Every structure is written in C-alpha cells, then in structure tokens.
Amino acid sequence: MKIERVELLHVAIPLVSPFRTSFGTMTTKDTFLLRVVTDAAEGWSEFAADPEPLYCSEFVGAAELVLDQHLVPRVTPEVTAAEVQARTHAIKGHQLAKATLETAILDAELRSYGMSIGTFLGATAAKVPAGVSVGIKNSIPELLADVEGYLAEGYARIKLKIEPGWDVEPVRAVRERFGDVLLQVDANTAYTLADAEHLRRLDEFDLLLVEQPLEEDDIRGHALLAQRIRTPICLDESITSAKDAATAIALDACRVINIKPARVGGYLEARRIHDVAVAHGIPVWCGGMLETGIGRGPNLALAALPGFVLPGDVSASRRYFAEDVTEPFELKDGFMHVPTGPGIGIEPIPETLKRFTTATNVLYS
Ligand SMILES: CSCC[C@@H](NC(=O)CCC(=O)O)C(=O)O
Ligand SMILES: [Mg+2]
106 MKIERVELLH VAIPLVSPFR TSFGTMTTKD TFLLRVVTDA AEGWSEFAAD PEPLYCSEFV
166 GAAELVLDQH LVPRVTPEVT AAEVQARTHA IKGHQLAKAT LETAILDAEL RSYGMSIGTF
226 LGATAAKVPA GVSVGIKNSI PELLADVEGY LAEGYARIKL KIEPGWDVEP VRAVRERFGD
286 VLLQVDANTA YTLADAEHLR RLDEFDLLLV EQPLEEDDIR GHALLAQRIR TPICLDESIT
346 SAKDAATAIA LDACRVINIK PARVGGYLEA RRIHDVAVAH GIPVWCGGML ETGIGRGPNL
406 ALAALPGFVL PGDVSASRRY FAEDVTEPFE LKDGFMHVPT GPGIGIEPIP ETLKRFTTAT
466 NVLYS
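Encoded structure:
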C-alpha cells in the first residue's frame, strides 16, 4: 500500500469518574489517534498509554516523537502491515508507539480488502463476555456500591485494583457481599517478593488470578512467588512479546496472560502470544487501556479468538466515557458484540472528534 498522509490527533476525553490504580489516578483519557491515508483506504488507531510514563516507560510525548522521527520514516512511502515489525525492528522498544502505527496500517489494508479484523485474526465468536476493572476507592462502602452497579449492568467478572493497604479487606468485603462472583485483582507491580506471605492471604478468596504483583522485569520473582501462593499469577506489564510469553511460561512465572495488543506492538504479535499460550495450555484474556472506541473495537475482535477463555477488560464505552469519539460499544446481557465491518469496524464521528481534538500534527504528507 502507498501511504499518502499520516496525521496524529491529540484527544482529551473526560472520564465519568476518577480511575485510581497503584500508580496514580486518571480523570481524562489524554492521548492521540493516528490516521493513515493510503492510495486504497484510510486507517485509524490510538496510542494506548498516557501523558506520564507511569503504567510503562512509554508516554504520549515520546510516542509522538518516535513516530515522527523514527517510525513513520521507516514505513513510508510503501508498506504492508506484515512488514511494519521488520521495518521498525531497528528501533529499540516503543511497543505501544509501534502498535499504533501497525494498527492504523492494518486497518487501512483490511478496509481495502473489505475484511474485518476479526476475520483476519481468526475470531470464532460474534460476542464475548465482558469483565470490568474497578479502581481503588476511598472506602469499602464506595467500592461495594460500584461493584453492585457493575454486576447489575451484567458484567461477567470483577477485577479490583489493589495496592499495599488496599487488598485483603476490599477483596474480603466483595467476596462476602457478592458471593461467588468471578473475581480477580491487579496490583500493577505494587508488591515485592517480601510481600509473599501477605499476598498468600488472598488465597482464601478463590480469585481467578492475581495480575502483575511484582515489577515488570521480575520474571524470576513471579516464578518464586508462584511457588508460595495458590492464586494463579497473571502477567500484564511483563509480557511485551511472544518471546516474553514463552519465557514466562517456561519458567512457570505465570499461569494466565493478559494480552494487550498495544503493549506488545500490535495485533499481529498479540495473536502470536495467543498461539504460544494456547500451545502451552495457558488461558489468556484481553486487557484494556481505557481505550476509546478506536481501540475498543479491534480489542473485541481479538477477545473473540478461541484461546481468550477468560472475560477481559473490554467493557462498555460508558464505563469510562459519557461521550466517546466513536459510537459507543454497549454491554448486552453481559456480552460485548464483536464489530463486523471492514478493518477495525469502527471510525471516529467527525464532529465529535473535532470537539475532543486538542492538537493535530501531520507526520507525513
Ligand atoms: C490506567 S490503568 C491501565 C492498565 C490497566 N487496565 C485496566 O485495569 C483495565 C482498563 C480498562 O478497562 O480498559 C491494567 O494494568 O490492566
Ligand atoms: Mg494490568
């Protein structure tokens, strides 16, 4: 495909309520969309992280720069989505920025063929059960009210953000109030191996998993922790490639993997991780980065692959946004429907996008 124009559109979309994790509190989705215009079709994607490098080392300003100065020049003027990873391999890291570029090119390519990303990836379901991620709250009553609301909406699984000082008691309260609801926790690297005995206290609550308890580079630590707690360990931040997944599985550092296409460089690598995990009998689920509909749509397609046997974090758009730059994705009887249109199956609403756009940068024309 011949790329004719690459535009970066900064967007700032208010969240319906603050979202607190062990590494900070978000009140706005402040990121950028990428628009790639080719001679055959145009494609869209979004950068999944935030203005500050708190979830991982990447952040909006750096991603814009690395796309502008190092990634876009390596894929213009002619490229296919399958070539992007090899073309940009010389650039170390920047998986989320690379994912943004590959996905917009893949979207354009699939649209030119009239093929949905679900068909392309090998989706085998038309709808997927939806889980929801619940932030750290100011009090347990506030947490229980939130969880009650999400269960009433029909969410199939509850994920609680935890950190030292907010873990055993909130989990106990949710388990005692809501019985055997599917329940898991996410620490976003907030603990160390010294906390093993404390984390073992979570074993009494029959959690599906404990997500990323230790630092993202501590594969060995997770393998040691796995020998000391019963709750299955799930990795998120640690897994940036199929190779990482193979290593973590081989070292018994995880029994579940949270796959986020943004974290691993795009949907092609996400599918490779899915395949590696399935080959080893490791269940996977699709994580989230509070995406707008531009990221939410293709994530639903990925979540429909056969190895995604656990409910993911692809909730309804209204979980985070009163208004999104796309038509909202809705929860229906606990399921989210996989988009079936060409490419990612969703596009920005021009007027709304204009209203939420704070700056535009033409990276190539
Ligand atoms: C700002 S927190 C983003 C990363 C976090 N994501 C979620 O908790 C799910 C967010 C969502 O519902 O998209 C994770 O570590 O899994
Ligand atoms: Mg996580």
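Read in order, the letters of the sequence shown correspond to residues 106 to 470 in the numbering used here.
Positions of the beta carbon are idealized from the N, C-alpha and C atoms, including for glycine.
None of these values were measured; they are calculated from a predicted model.
For S238, the CB falls within less than 6 Å of some heavy atom of ligand 1. Residue pairing by DSSP places E456 opposite no residue, since no beta bridge is assigned to it. Beta bridge pairing from DSSP links C359 with no other residue. The stretch 300 to 308 and the stretch 333 to 341 touch, with no fewer than 3 CB-CB distances between them shorter than 8 Å.
Residue A202 holds the alpha-carbon nearest to the alpha-carbon of A367 among T465, L405, A202, K348.
Note: Q289 is bridge-paired with K264 in the DSSP secondary-structure output. Around the CB of V369, 16 or more other CB atoms lie within 10 Å, so the residue is classed as buried. Counting only residues whose CB is nearer than 7 Å to a non-hydrogen atom of ligand 2, the list in chain order is D291, N293, E316, Q317, D341, E342, N363, G392. Every unbroken stretch of the alpha helix (DSSP H) spanning 4 or more residues and falling wholly within the stretch 272 to 331 is given here in chain order: 273 to 283, 301 to 305, 324 to 331.
In this structure, the straight-line span from the alpha carbon of R424 to that of G254 is close to 11 Å.
Per the coordinates, the alpha-carbon of N466 lies some 21 Å from the alpha-carbon of T193. With fewer than 16 neighbouring CB atoms inside 10 Å of its own CB, V121 falls in the exposed class. Here DSSP, grouped into helix, strand and coil, assigns T465 to strand.
For V239, the enclosing beta strand (DSSP E) starts and ends at 236 to 239. In the three-state reduction of the DSSP assignment, H175 falls in the helix class, which pools H, G and I. The shortest CA-to-CA distance from P453 to any of A191, G393, G400, C339 is the one to G400. Nearest to T185 by C-alpha distance, out of G148, H442, G198, is G148.
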